[in-house]
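Quick note on my numbering: the sequence shown kicks off at 5 and runs consecutively. Structure first, then comments.
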Amino acid sequence: MRFWIQNGRVIDPKTGLCNVGDIVIENGKIVDIKYPGGKPDGESLDVRGLIVAPGLVDMHCHLREPGQTHKEDIASGTKSAAKGGFTSIACMPNTTPPLDSTDLISFVKNAPASVHVYPFASISQGMKGEQMTDFAALKEAGAVGVSDDGLPVASAKMMRDTLLLAKKLGLTVTSHCEEPTLKDGVIHDGAVSKKLGVQGISPAAEECMVAREIVLASVTGAPVHIAHISTKGSVELIRDAKARGIPVTAETCPHYFSLTDEICEGRNANAKMNPPLRTKEDVRAIIEGLCNGTIDAIATDHAPHHADEKGKGFSAAPNGIIGFETALAVAITSLVRPGYMTMSEMLSKFTCNPAEILGIPAGKLEQNAPADFVIFDPEEEWIVSEADIASKSKNTPYLNYHLYGKVKYTIVDGKIVE
Ligand code: DOR
Ligand code: ZN
């Protein structure tokens, strides 16, 4: 049975497509993309006035299963992802226990889900930073990459060995960059941390580790992907490394180009994450890094935490914010509407670029590609409200924000996710 998506403004950053058109789907695959006006030989969906793009790819999120299902589980997390327009997501291994065995990777890979899930395995057993996991077996079981996200890999030797082995096996290595001896603190080290009387986290905590990873990628010739960069200094280090031909890629998150540490003044624990929100100057540098290609991808770092945990007080509350359901709208509101990037340039950070870094079949519209789409109204204004959030957790700093850009349909393997 064929399914036609008709009259949408089709944007595909990978092929440069930007036309009103019809997409024909059969057996979960794209069979044709053509000029509008054809007569559908099957079911059809008229999306006149809406943008049709490849389903979004999130290369960094937390689904919390197994072990922390009071925060999120694979079913609720993937529903939240679909609501935000994501059709492929890579989840980090800092679950309880961490995803360090083939059984756990198979469990996540095969759990019922609304979107495609690509698990990362941990680099070290139990994420303790001592013994490396069995990368080859984990890859075989379905891991797309390795990371000790949430914790820095303290040993440079372990990271060097990780890069070399991961390159051989075709696994992506994502590094959560924090120098362990500099990482303690509550929010960014600056005027706001001083005003609140809390310990600050220096940009150097991130930048020292970004510099180390660049050196290791350079000496090994093996690629490294830097997670959630937040500082101007990190952008500069990565720009310079790329100019020297070092195989480094990087992601940032919507909060690092739309918010500063000033919103922590109200001691809102939902504005607390790791790395922390930084300054206006950092936000400007992150936007510039996105525009000039230093930063390849936008990931959500969707990190659900229960209201009771976030309610423990500003300093004691765990780090992390949810992100699936606001990511696209924050990018439209903060990057596209002010004119920093075109819609297609912005979408490349959510589609082909992360898909290529992960090596997954996603993020582009062409014949035989999976029929995964996000269909959205780029102009619709909406207000973020707790009642509308599909995630089990509601820890977002964007509550009551007015955002532009509303997802209308998410299609996975040719079927609308309800
Ligand atoms: O804020 C964060 N939350 N940063 C991380 O790296 C981990 C994440 C989590 O798992 O909650
Ligand atoms: Zn992280």
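Positions of the beta carbon are idealized from the N, C-alpha and C atoms, including for glycine.
Alpha-carbon to alpha-carbon, residue j and residue i
{"i": "LEU49", "j": "ILE393", "result": "25 Å"}
{"i": "GLY204", "j": "ALA273", "result": "15 Å"}
{"i": "ASP417", "j": "ILE9", "result": "13 Å"}
{"i": "ALA391", "j": "ASN404", "result": "11 Å"}
{"i": "GLY175", "j": "ILE299", "result": "First, the residue type needs correcting, since residue 175 is Leu and not Gly in the sequence shown. Taking the straight line from one Cα to the other gives about 20 Å."}
{"i": "LEU263", "j": "LYS43", "result": "47 Å"}
{"i": "PRO17", "j": "GLY149", "result": "24 Å"}
{"i": "THR137", "j": "THR73", "result": "24 Å"}
{"i": "GLY20", "j": "VAL190", "result": "43 Å"}
{"i": "GLY315", "j": "ILE326", "result": "15 Å"}
{"i": "ASN11", "j": "CYS95", "result": "34 Å"}
{"i": "PRO365", "j": "ARG271", "result": "42 Å"}
{"i": "VAL287", "j": "SER348", "result": "21 Å"}
{"i": "THR99", "j": "ALA226", "result": "27 Å"}
{"i": "SER222", "j": "ARG248", "result": "9 Å"}
{"i": "TYR413", "j": "GLY89", "result": "7 Å"}
{"i": "ARG243", "j": "ALA57", "result": "28 Å"}
{"i": "LYS171", "j": "ILE93", "result": "21 Å"}
{"i": "THR256", "j": "ILE267", "result": "19 Å"}
{"i": "LEU200", "j": "GLY194", "result": "10 Å"}
{"i": "ARG216", "j": "HIS406", "result": "39 Å"}
{"i": "ALA320", "j": "SER197", "result": "15 Å"}
Residue i - containing beta strand (DSSP E), residue span
{"i": "GLU384", "result": "377-387"}
{"i": "CYS65", "result": "60-65"}
{"i": "THR106", "result": "Run containing THR106: none in the beta strand (DSSP E); it sits in the alpha helix (DSSP H), 106-114."}
{"i": "PRO123", "result": "120-125"}
{"i": "PHE90", "result": "90-95"}
{"i": "VAL35", "result": "33-38"}
{"i": "GLY25", "result": "21-30"}
{"i": "LEU49", "result": "46-50"}
{"i": "VAL14", "result": "6-16"}
C-beta atoms of residue i and residue j nearer than 7 Å
{"i": "PRO308", "j": "GLU76", "result": "yes"}
{"i": "LEU186", "j": "ALA208", "result": "yes"}
{"i": "ILE15", "j": "ILE27", "result": "no"}
{"i": "GLN135", "j": "ASP104", "result": "no"}
{"i": "GLU2", "j": "MET213", "result": "Given a span of 5 to 422 for the chain in the structure shown, any question on residue 2 remains unanswerable."}
{"i": "ALA80", "j": "GLU329", "result": "The sequence shown places Ser at residue 80, not Ala. The answer is no: Cβ separation not under 7 Å."}
{"i": "LEU379", "j": "VAL121", "result": "The question names Leu, but residue 379 is Ile in the sequence shown. Contact: no."}
{"i": "ALA375", "j": "GLY46", "result": "no"}
{"i": "ILE218", "j": "THR166", "result": "no"}
{"i": "PRO280", "j": "HIS192", "result": "yes"}
Host alpha helix (DSSP H) of residue i (start-end)
{"i": "VAL219", "result": "207-224"}
{"i": "CYS356", "result": "356-362"}
{"i": "PHE318", "result": "Taken as a continuous stretch (DSSP letters only), PHE318 belongs to no alpha helix (DSSP H), as it is neither H nor E."}
{"i": "ASP286", "result": "284-295"}
{"i": "ILE242", "result": "236-247"}
{"i": "GLN139", "result": "Before going on, a small fix: residue 139 reads as Phe here, not Gln. Note, PHE139: alpha helix (DSSP H), 139-145."}
{"i": "LYS410", "result": "Careful: LYS410 lies outside any alpha helix (DSSP H), inside the beta strand (DSSP E) at 406-416."}
{"i": "GLU349", "result": "347-352"}
{"i": "ALA165", "result": "Checking the sequence, you will find Asp at residue 165 rather than Ala. Counting along the chain, the alpha helix (DSSP H) containing ASP165 begins and ends at 160-173."}
{"i": "PHE261", "result": "258-262"}
{"i": "SER80", "result": "78-87"}
6 Å CB neighbourhood of residue i in its chain, flanking five on each side removed
{"i": "GLU69", "result": "ASP77 and ILE78"}
{"i": "MET163", "result": "VAL157 and LEU220"}
{"i": "GLY146", "result": "ILE109 and LYS113"}
{"i": "THR91", "result": "GLY59, VAL119, ASP376 and VAL416"}
{"i": "PRO251", "result": "ALA221 and PRO227"}
{"i": "ALA359", "result": "VAL61, ALA366 and GLY367"}
{"i": "GLY71", "result": "THR99 and THR100"}
{"i": "ILE420", "result": "TYR413"}
Cβ distance (whole Å) where residue i is taken to contact residue j below 8 Å
{"i": "GLY367", "j": "CYS356", "result": "4 Å"}
{"i": "ILE291", "j": "TYR344", "result": "6 Å"}
{"i": "LYS236", "j": "LEU294", "result": "Not confirmed; about 13 Å, so no contact."}
{"i": "LEU173", "j": "PHE139", "result": "6 Å"}
{"i": "ARG6", "j": "ILE34", "result": "Their Cβ separation, rounded to whole angstroms, is 11 Å, which puts ARG6 and ILE34 out of contact at 8 Å."}
{"i": "SER238", "j": "GLU210", "result": "6 Å"}
Proximity test, Cβ basis, 7 Å: residue i and chain C
{"i": "LYS284", "result": "Going by chain labels, chain C is absent from the structure shown, which holds only one protein chain."}
Contacts around residue i, its chain only, beta-carbon distance under 7 Å, and the 5 residues preceding and following it disregarded
{"i": "PRO184", "result": "PRO156 and ALA158"}
{"i": "THR178", "result": "HIS64, PHE124, GLY149, SER151, ASP153, HIS229 and ALA231"}
{"i": "SER397", "result": "LYS75, GLU76, PRO308, HIS309, HIS310 and ILE326"}
Residues near residue i by beta carbon distance below 8 Å, same chain, minus five either side
{"i": "GLU144", "result": "THR106"}
{"i": "PRO258", "result": "ILE302, THR304, GLY327, THR330, ALA331, VAL334, ALA335 and SER338"}
{"i": "ARG341", "result": "TYR408"}
{"i": "THR224", "result": "ARG164, LEU167, LEU168 and LYS171"}
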